[in-house]
Amino acid sequence: MDGRTDLSKYYNGASKLINALVLPHGGFTKRPGTEYIAKAPNKCNLLSFEFSVSDALVLEFSNLLLRFYKDGDSVYEDDIEIASTTEDDPVLVTTDAAHSLADDEWVYLEDIDTATSLNDKIYQITVTGAGGVTKFTLQDTEGNDIDGTGIGVGGALGSCKRVYQIVSPYTSARAFDIHVTQSADVMYIAHNDVFPKKLSRNDTLDWTIVDVPFTGGPFLTENTTDASLVQFARTGGTAEADYYFPKDTTGTLTATGTGNTPFNVNQVGALWLVKHTRDVNNDTDTFAKDTNVVPTLTTYASGAIKIKGDATVTFEPIATSKMAQLWRKEGNGAWQTYRSFRGATAFSWTEDIDDVYYAMTRSDNTINGTLTAKEIINYGIVKITDFTSTTVVICTVVDPILTNNSGTSATTSMWAEGAWSTYRGFPRTVGFHEDRLWWASSTNDPDKKWSSQSGLYENMAFTIGTDNEAVTATVKDNEVSQIQWMMSRRVMAIGAANREYSFSAQNPEDPITPLDKKSTPQTGFSSGSIQPVMLNDSIFFLQRQGKKLGAMKFDSVTENFIVDDATLLAYGLLDSQPTNMAVQRVPDSIIWVVRTDGVLLSFTYDPKEEVAGWARHITQNSTGVEMPVGFFESVAVIHGSIEDEVWVSVRRVINSVTVRYVERFATRFFDQIDEAMMLDSAKTVSSAFDAQEIVLASDTVRCNNGLCNSSLCGGVPV
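Read in the UniProt record's numbering, the sequence shown has 410 at position 410, and its numbers run on one by one without any break.
Here it is as structure tokens:
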């Protein structure tokens with residue numbers, strides 16, 4: 001830029017900005033300092049969890065742990081009252097009652113009398129001593145014993161509280177590769193090497209992270225070799241009933257046929273589709289009730305039939321004074337009246353939903369009729385729980401499996417391997433679009449997307465192809481297009497390693513369905529794997545090698561996506577590989593990017609005012625030195641009461657020891673100067689004292705709340 005005086009940006013730009021923020025209305029301002037919040041156990045990635053504008057948390061994904069921050073502090077469990085502390089080395093703490101603390105957990109101590117130096121700090125503990133459930137010793141968070149010599153014996157006024165945390169399946173390295181999407185109190189998490197997870201907030205101190213309990217799939221292409229068969233044989237659980245092995249039945253899945261060895265040990269945990277064709281119509285002339293009251297059972301003997309697909313019901317002539325009824329029950333729901341009949345009646349319909357039962361009732365036993373489930377295909381599903389050999393696995397029934405009408409030894413050539421497993425890999429990205437939850441890009445199928453059923457985010461079933469069923473789609477191009485990310489706009493935007501695509505129905509105004517879908521190449525910018533962010537109607541994403549930041553917009557005239565290079569005038573700013581991004585919207589529109597060299601970048605973006613300004617942010621550096629000792633490692637942004645809060649994890653060297661801190665940028669808005677925070681990793685501590693006369697030699701002393709009468713904080717100098 002230094003030699004490009006022909007560009008208009010030259011006259012309102014800057015060649016270098018360090019620790020400053022570009023302002024959308026012109027000029028720049030010094031960035032605020034950062035407030036020390038807590039120490040992290042090791043390298044961590046920070047992510048936002050935002051239920052609403054007034055309810056937002058920061059998630060700390062460290063090595064196999066997940067911790068939480070809310071209202072500018074760690075989330076703690078309930079207080080545990082302390083009976084005493086000692087002057088031993090290490091300090092021994094005794095609690096009033098038995099506790100559930102465990103070795104190496106972190107606790108926060110407060111309100112201890114006498115041994116006050118222990119207060120307001122976080123310690124690692126070791127449960128020890130006689131009556132260990134009421135005693136523990138204190139270490140610092142590096143595991144070094146806290147020497148209590150001379151600190152005084154603490155009395156019974158204090159308390160401690162455990163830092164709330166749960167076990168996470170992600171190592172520190174994997175934590176930087178996850179993609180997330182959120183719906184209210186539930187966050188779905190994708191990673192190529194880990195089964196998709198579901199993080200749920202059930203209460204303030206009740207979070208869970210579990211495998212997403214998918215139903216119905218997804219699956220790879222179905223077997224096409226007639227001689228390659230599989231057979232399910234029950235070994236435990238509920239016995240076969242009404243032509244089905246029910247859910248939670250345990251057994252074996254055996255493969256037969258020349259060369260048919262479909263199983264391996266890395267498929268444990270995977271789903272397996274086992275389809276059977278019902279050999280004959282399943283019909284009944286049994287009425288569930290003779291008084292047209294609600295049916296009570298779902299067994300074949302009681303007159304109920306499980307139906308999916310085509311069905312009919314026929315009745316002999318019914319007098320007008322009498323009536324027959326057809327009832328429907330979906331899953332665990334209640335029986336509901338589906339249709340009523342008088343006269344000689346036949347009725348046909350198609351059932352699209354899984355796990356649905358039908359039954360007939362009549363006003364008296366003079367009415368006769370037949371309910372028939374036409375020839376259909378049953379989509380049974382098992383989950384592999386253990387590996388025996390390449391032809392035998394142990395499994396549990398997930399969706400009921402049809403048996404032979406005359407026995408329980410049905411074999412079938414209609415089977416398919418689950419799409420996701422340790423063997424095939426897991427999706428790398430996840431997102432919502434058109435009220436479906438979408439997953440994409442496994443190791444085995446890097447160019448494929450899988451959606452849930454419409455409105456049922458964990459149901460991946462596709463059977464007869466109705467519009468609401470799950471969608472599977474491949475990005476087809478002249479090379480394999482490894483999907484890196486997805487973003488919901490008017491149509492879905494897809495970033496692949498080779499180029500970008502749009503994904504929609506044939507008519508973009510229509511919703512995507514299993515039979516109406518298309519992927520269209522858009523731009524050739526090429527996408528990296530870091531999850532993009534949305535700002536001012538643009539999708540900001542990093543190029544495959546991380547050297548450029550793209551700004552993607554949807555052009556309503558051409559109905560195509562277009563991409564601009566947001567780093568065009570800041571060439572070389574991303575020479576150091578980016579690691580993650582976050583977006584701030586209040587008070588100004590800023591994208592934050594962390595680089596592997598520990599530099600934090602800010603990009604102020606206001607297209608209406610033609611503002612696109614970059615700045616570098618460094619920490620713990622000497623004056624005039626641009627190579628900092630402190631390294632920014634991740635960034636997250638959440639809603640705040642005054643402005644959006646920018647949180648960072650920082651690697652620092654303190655007293656020759658490398659530590660990781662979680663910090664929050666201070667607000668730029670304050671009522672008086674003593675509320676400003678311009679230092680990094682700082683903490684403001686207030687301590688009231690009796691009013692007294694203080695003579696100031698200079699009116700530049702920073703103090704707190706006007707207690708020293710300085711005019712800097714609202715007082716009057718003497």
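By construction, the Cβ of each residue, glycine as well, lies at the ideal position given by its N, Cα and C atoms.
Assuming K517 and A570 make a contact with CB atoms under 8 Å, what is their CB distance in whole Å? On the sequence shown, residue 517 is found 517 positions in, with the first residue counted as 1. On the sequence shown, residue 570 is found 570 positions in, with the first residue counted as 1. Contact flag wrong, Cβ pair sits at about 38 Å.
Identify whether L101 lies in helix, strand or coil by the three-state DSSP scheme. The residue you call residue 101 lines up with position 101 of the sequence shown. Three-state DSSP puts L101 in coil, outside helix and strand.
Under the three-state reduction of DSSP, which class applies to S172: helix, strand or coil? Position 172 of the sequence shown holds residue 172. Helix.
How many whole angstroms separate the CB atoms of Y605 and N536, which I take to be in contact at a CB cut-off of 8 Å? Here residue 605 corresponds to residue number 605 of the sequence shown, with the count starting at 1. Here residue 536 corresponds to residue number 536 of the sequence shown, with the count starting at 1. Confirmed, Cβ separation roughly 6 Å.
My output table needs one value for P628: the three-state DSSP class, helix, strand or coil. Position 628 of the sequence shown, counting from 1, holds the residue named residue 628. Three-state DSSP puts P628 in coil, outside helix and strand.
Report all residues from its chain with a CB closer than 6 Å to the CB of L118; omit the five preceding and five following residues, and keep chain order. Here residue 118 corresponds to residue number 118 of the sequence shown, with the count starting at 1. L109, I112.
Between P32 and R668, which are expected to be in contact by the criterion C-beta below 8 Å, what is the C-beta distance as a whole number of angstroms? Taking the first residue of the sequence shown as 1, we reach residue 32 at position 32. Taking the first residue of the sequence shown as 1, we reach residue 668 at position 668. About 5 Å; that satisfies the 8 Å criterion.
Note down the Cα distance separating N478 from L46, rounded to an integer number of angstroms. Here residue 478 is taken as the residue at index 478 of the sequence shown, counted from 1. Here residue 46 is taken as the residue at index 46 of the sequence shown, counted from 1. The alpha-carbon atoms of N478 and L46 are separated by roughly 38 Å.
By a C-beta neighbour count over all protein chains shown, 10 Å radius and 16 as the cutoff for buried, is V599 buried or exposed? Counting from one through the sequence shown, the residue named residue 599 turns up at place 599. Answer is buried; the Cβ neighbour count reaches 16.
Give the secondary structure of N266 by DSSP, where H, G and I count as helix, E and B as strand, and everything else as coil. The residue labelled residue 266 in the question sits at position 266 within the sequence shown. In the structure shown, N266 sits in a helix (DSSP, three-state: H, G or I).
Given a cut-off of 8 Å on the beta-carbon distance, is the pair T463 and Y357 in contact? Counting from one through the sequence shown, the residue named residue 463 turns up at place 463. Counting from one through the sequence shown, the residue named residue 357 turns up at place 357. Their beta carbons are not under 8 Å apart, which means T463 does not touch Y357 by this criterion.
Hey, is K275 close to the ligand ADP, as in C-beta under 7 Å from one of its heavy atoms? The ligand ADP is absent from the structure shown, which contains no ligand whatsoever.
Secondary structure at P218, three-state DSSP: helix, strand or coil? Your numbering for residue 218 matches position 218 in the sequence shown. Looking at P218 - three-state DSSP - the assignment turns out to be coil, as it is neither helix nor strand.
Using 8 Å for Cβ pairs, my map puts G369 next to V293. What's the rounded Cβ distance? Numbered from 1 along the sequence shown, position 369 holds the residue referred to as residue 369. Numbered from 1 along the sequence shown, position 293 holds the residue referred to as residue 293. No, G369 and V293 are not in contact; Cβ-Cβ is about 17 Å, not under 8 Å.
Consult DSSP for T116 and reduce its assignment to one of helix, strand or coil. Numbered from 1 along the sequence shown, position 116 holds the residue referred to as residue 116. The answer is helix: DSSP assigns T116 an H, G or I state.
CB-CB under 6 Å to N705, same chain, minus the five flanking residues each way: which ones, in chain order? As a position in the sequence shown, residue 705 is number 705, starting the count at 1. Per-residue confidence for N705 stands at a pLDDT of 48, beneath the threshold of 50, marking its modelled position as unreliable; no derived number is given.
Rounded to the nearest angstrom, what separates E240 and L402 at their Cα positions? What you label residue 240 is simply residue 240 of the sequence shown in a count that begins at 1. What you label residue 402 is simply residue 402 of the sequence shown in a count that begins at 1. Rounded to the nearest angstrom, the two C-alpha atoms are 9 Å apart.
Whose C-beta lies closer than 6 Å to the C-beta of P41 among residues of the same chain, with five residues either side of it excluded? As a position in the sequence shown, residue 41 is number 41, starting the count at 1. S62.
State the DSSP-derived secondary structure class of D510, mapped to helix, strand or coil. Locating residue 510 in the sequence shown gives position 510, where the first residue counts as 1. It is coil, neither helix nor strand.
Three-state secondary structure (DSSP) at K448? What you label residue 448 is simply residue 448 of the sequence shown in a count that begins at 1. If DSSP states are grouped into helix, strand and coil, K448 belongs with the strands.
To test your reading of the DSSP string, which unbroken beta strand (DSSP E) runs of 3 or more residues are found completely within the stretch 276-307? 282-284
For E316, is the classification buried or exposed, using 16 other Cβ atoms within 10 angstroms of its Cβ as the cut-off for buried? On the sequence shown, residue 316 is found 316 positions in, with the first residue counted as 1. By the neighbour-count rule (16 or more Cβ atoms within 10 Å), E316 is not buried but exposed.
Please classify E633 as buried or exposed, where buried requires at least 16 other C-beta atoms within 10 Å of its C-beta. Residue numbering aside, residue 633 sits at position 633 when the sequence shown is read from its first letter. The residue is buried, with at least 16 neighbouring Cβ atoms inside 10 Å.
Go ahead and pull the three-state DSSP assignment for T250. Along the sequence shown, read from residue 1 onward, the residue named residue 250 stands at position 250. Strand at T250.
Can you name the residues that DSSP bridges to T350? Residue 350 sits at position 350 when you count from the first residue of the sequence shown. Per DSSP, D310.
Just to confirm the assignment, what range does the beta strand (DSSP E) spanning L600 have? Within the sequence shown, numbered from 1, the residue matching residue 600 stands at position 600. First-last of the beta strand (DSSP E) with L600: 600-606.
Would the stretch 574-586 and the stretch 629-649 be scored as touching if the rule is three or more Cβ pairs under 8 Å? yes
Measure the alpha-carbon distance for T235 versus T204 and round it to whole angstroms. As a first step, residue 235 must be located in the sequence shown, where it is residue number 235. As a first step, residue 204 must be located in the sequence shown, where it is residue number 204. Cα to Cα, T235 sits roughly 42 Å from T204.
Name the two residues that bound the continuous beta strand (DSSP E) containing Q577. Taking the first residue of the sequence shown as 1, we reach residue 577 at position 577. Where Q577 is concerned, there is no enclosing beta strand (DSSP E), given that its DSSP letter is neither H nor E.
As assigned by DSSP and simplified to three states, the class of E675: As a first step, residue 675 must be located in the sequence shown, where it is residue number 675. Reduced to three states, the DSSP call for E675 is helix.
Distance, T411 Cα to D310 Cα: The sequence position of residue 310 within the sequence shown is 310, counting from 1. The sequence position of residue 411 within the sequence shown is 411, counting from 1. Computed Cα separation, rounded: 24 Å.
Just to confirm, are L437 and Y188 a CB contact at a threshold of 8 Å? Along the sequence shown, one-based indexing puts residue 437 at 437. Along the sequence shown, one-based indexing puts residue 188 at 188. A contact, by the Cβ cut-off of 8 Å.
Thinking C-alpha only, which one of K548, E458, R424, F665 is nearest V430? Residue numbering aside, residue 430 sits at position 430 when the sequence shown is read from its first letter. Ranking the options by Cα distance to V430, first place goes to E458.
Give me, in chain order, the residues of the same chain whose beta-carbon lies closer than 8 Å to that of N12; leave out the 5 immediate sequence neighbours on both sides. Within the sequence shown, numbered from 1, the residue matching residue 12 stands at position 12. Closer than 8 Å at the Cβ level, and outside the excluded window around N12, lie G26.
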